[in-house]
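Worksheet: the structure to be examined is printed underneath.
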Amino acid sequence: MFRFRLSRLLSLKMSQEEQLKIQLGALRTEMRRIEDSLRKCEEQLKGLQLKTLTLSSRGISGLELSQLLTYKDSIQAELSLLMEKLTQLRQQEDILRNQYLEARKERKILQNLRERRFRTYVFEQDRAHRLYLDELAVRKFAVSKQD
17 MFRFRLSRLL SLKMSQEEQL KIQLGALRTE MRRIEDSLRK CEEQLKGLQL
67 KTLTLSSRGI SGLELSQLLT YKDSIQAELS LLMEKLTQLR QQEDILRNQY
117 LEARKERKIL QNLRERRFRT YVFEQDRAHR LYLDELAVRK FAVSKQD
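Take the position in the sequence shown, starting the count at 1, then add 16; the result is the number in this note's numbering.
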């Protein structure tokens, strides 16, 4: 019966690869969420600029202008934080992707080794079976010659 001695290691590598794949998926989902937030902030900023232009053409009080500028500053601060967070997530993605690729490579190496050893096992079993059949044929021939 074929038994691959490194089967536990192969199972571990498969599990690690799957975990890294899940983590990578979660990280990419978070990155998409942040990218969506970035787009919304940029749209808010554009909308605020249009509002400021229309209000300034009609006349705007100092208090209203101050409030609009404060709101603009808060949106820009949020944009800056989101960009920083996205940069960090991209760095994490690079690290996770490299870990995933390494785990996948190790798994494939172990699977190929298992396949080669299985082919060797099948070859050896077939060879042993043929030797056994040859031995039986020789014995049968020897018995038939004695009769």
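Every residue gets a Cβ at the ideal spot worked out from N, C-alpha and C, and that includes glycine.
Going by beta-carbon coordinates alone, are residue i and residue j separated by less than 7 Å?
{"i": "ILE91", "j": "LEU61", "result": "yes"}
{"i": "GLU33", "j": "ARG120", "result": "yes"}
{"i": "ARG123", "j": "LYS29", "result": "yes"}
{"i": "LEU112", "j": "GLN39", "result": "yes"}
{"i": "GLU80", "j": "CYS57", "result": "no"}
In angstroms with no decimal places, state the Cα-to-Cα distance between residue i and residue j.
{"i": "ILE76", "j": "MET99", "result": "32 Å"}
{"i": "SER23", "j": "ARG48", "result": "37 Å"}
{"i": "SER97", "j": "GLU59", "result": "According to the sequence provided, residue 97 is Leu. The question's Ser does not apply to it. Between LEU97 and GLU59, the C-alpha separation is close to 16 Å."}
{"i": "LEU25", "j": "GLN35", "result": "15 Å"}
{"i": "LEU126", "j": "PHE20", "result": "10 Å"}
{"i": "LEU129", "j": "ARG135", "result": "10 Å"}
{"i": "ALA158", "j": "PHE139", "result": "28 Å"}
{"i": "LYS37", "j": "GLN115", "result": "10 Å"}
{"i": "ASP150", "j": "SER160", "result": "15 Å"}
{"i": "ASP89", "j": "GLN65", "result": "12 Å"}
{"i": "TYR148", "j": "GLY41", "result": "54 Å"}
{"i": "THR70", "j": "ASP52", "result": "27 Å"}
{"i": "LEU152", "j": "SER27", "result": "41 Å"}
What first and last residue would you give for the alpha helix (DSSP H) that runs through residue i?
{"i": "ARG146", "result": "78-162"}
{"i": "MET17", "result": "Segment: none, MET17 is in no alpha helix (DSSP H) and carries neither H nor E."}
{"i": "LEU22", "result": "Counting along the chain, LEU22 falls outside any alpha helix (DSSP H), and DSSP gives it neither H nor E."}
Can you name, in chain order, every residue of its own chain whose Cβ lies under 6 Å from the Cβ of residue i, other than the five neighbours on each side?
{"i": "GLU109", "result": "LEU43"}
Less than 8 Å between C-beta atoms, sequence neighbours within five positions excluded: which residues of the same chain meet that for residue i?
{"i": "ILE50", "result": "LEU98, LYS101, LEU102, LEU105"}
{"i": "SER73", "result": "none"}
Going by beta carbon distance, what residues of the same chain come within less than 7 Å of residue i, once the five residues before and after it are set aside?
{"i": "TYR137", "result": "PHE18"}
Is the segment 79-95 close to the segment 141-150, with three or more CB pairs under 8 Å?
The segment 79-95 is not in contact with the segment 141-150.
Would you call the segment 100-112 and the segment 36-47 touching, i.e. three or more CB-CB distances under 8 Å?
Touching, yes.
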